[in-house]
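Start counting at 1 in the sequence shown, then tack on 2, and there's your number in the working numbering. Glycine included, C-beta positions come from ideal geometry on N, C-alpha and C.
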Amino acid sequence: MSDVEKMISIGGIPVMCLIVFAETGLLFGFFLPGDSMIVVAGVLTAPNLEAKRNALLNPWTLTTTLIIAAIIGNQLGRWLGLKFGERVEKWPDGWLYKRRYLEAARSYYADKGATSLVMARFIPVIRTFVPFVAGMGKMPAERFLFWNILGAVIWIGSLVGLGHVIGGTPLAKNLGVVTGSVIAVSFLPIVYKAAKAWLTSRRESKT
Numbered sequence: 003m004s005d006v007e008k009m010i011s012i013g014g015i016p017v018m019c020l021i022v023f024a025e026t027g028l029l030f031g032f033f034l035p036g037d038s039m040i041v042v043a044g045v046l047t048a049p050n051l052e053a054k055r056n057a058l059l060n061p062w063t064l065t066t067t068l069i070i071a072a073i074i075g076n077q078l079g080r081w082l083g084l085k086f087g088e089r090v091e092k093w094p095d096g097w098l099y100k101r102r103y104l105e106a107a108r109s110y111y112a113d114k115g116a117t118s119l120v121m122a123r124f125i126p127v128i129r130t131f132v133p134f135v136a137g138m139g140k141m142p143a144e145r146f147l148f149w150n151i152l153g154a155v156i157w158i159g160s161l162v163g164l165g166h167v168i169g170g171t172p173l174a175k176n177l178g179v180v181t182g183s184v185i186a187v188s189f190l191p192i193v194y195k196a197a198k199a200w201l202t203s204r205r206e207s208k209t
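This is how it looks when you write it as structure tokens:
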């Protein structure tokens, strides 16, 4: 999906909902372009006179439907973790499943608790596995639903809003820069955590 704008113009909101649902609810959805797709979709909700482009999507329809897809996706992720968590832990590594992703999500969930359901929304890969880990940990359904809804509203609302603002600026003429920047920023927490773990291990090896 190198051309996110083309994918959106062809598939529209239904395809975007399927992608958000898969990325947040199915363990094999971690590779999908969630953040960049949502921001680009937000860009397409705003008219841009300089680029001579009308708004292609309604911002309120887009935001509402993607929030619903994100909520349902996480609910499915929790249910899968509750029902099949122990079985999945025994799976060997393959192209669509990596045990290290599950372990990273477990560590993040243990560190952040229920708020991980909000914060992990902005971190690729981790957001796919955290609801599954929450299900494995048997987080109460009512508590999970609250943080799930809050996380979906903040994640989708902020990214669509960011895209909508960008859509009226010269940046909208170069969506490659926009999507590249979003991807780079979204991976910063992973890079920071990996660097911190590496520095900690080095200190321990010297003592």
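When you compare only the Cα positions, how much space is there between residue i and residue j?
i, j, result
"Ile-73", "Ala-143", "13 Å"
"Leu-64", "Gly-44", "8 Å"
"Phe-32", "Ile-15", "20 Å"
"Glu-7", "Gly-163", "17 Å"
"Leu-59", "Leu-152", "24 Å"
"Trp-149", "Gln-77", "11 Å"
"Met-138", "Lys-100", "17 Å"
"His-166", "Lys-92", "43 Å"
"Val-42", "Ala-112", "33 Å"
"Ser-160", "Gly-182", "17 Å"
"Gly-96", "Phe-30", "10 Å"
"Met-39", "Thr-67", "14 Å"
"Tyr-110", "Phe-134", "12 Å"
"Gly-27", "Lys-175", "33 Å"
"Lys-114", "Tyr-103", "16 Å"
"Leu-82", "Thr-171", "42 Å"
"Ile-21", "Val-90", "22 Å"
"Ser-11", "Pro-61", "15 Å"
"Ile-156", "Leu-147", "14 Å"
"Arg-123", "Arg-55", "30 Å"
"Ile-69", "Pro-94", "33 Å"
Between which residues of its own chain and residue i is the CB-CB distance below 8 Å, once the five residues before and five after are set aside?
i, result
"Gly-169", "Gly-44, Val-45, Leu-46, Thr-47, Ala-48, Pro-49, Asn-50 and Ala-57"
Quick one: what's got a C-beta closer than 7 Å to residue i's C-beta in the same chain, skipping five residues either side?
i, result
"Arg-145", "Ala-116"
"Phe-23", "Ala-71, Ile-74 and Gly-75"
Kindly indicate the opening and closing residues of the alpha helix (DSSP H) around residue i.
i, result
"Lys-85", "61-91"
"Pro-133", "128-138"
"Trp-157", "143-168"
"Ile-40", "36-45"
"Lys-114", "101-114"
"Leu-119", "118-121"
Going by beta-carbon coordinates alone, are residue i and residue j separated by less than 8 Å?
i, j, result
"Arg-80", "Ala-154", "no"
"Leu-84", "Lys-140", "yes"
"Ile-118", "Val-127", "The displayed chain sequence assigns Ser, not Ile, to residue 118. Not closer than 8 Å, so no."
"Gly-36", "Glu-25", "yes"
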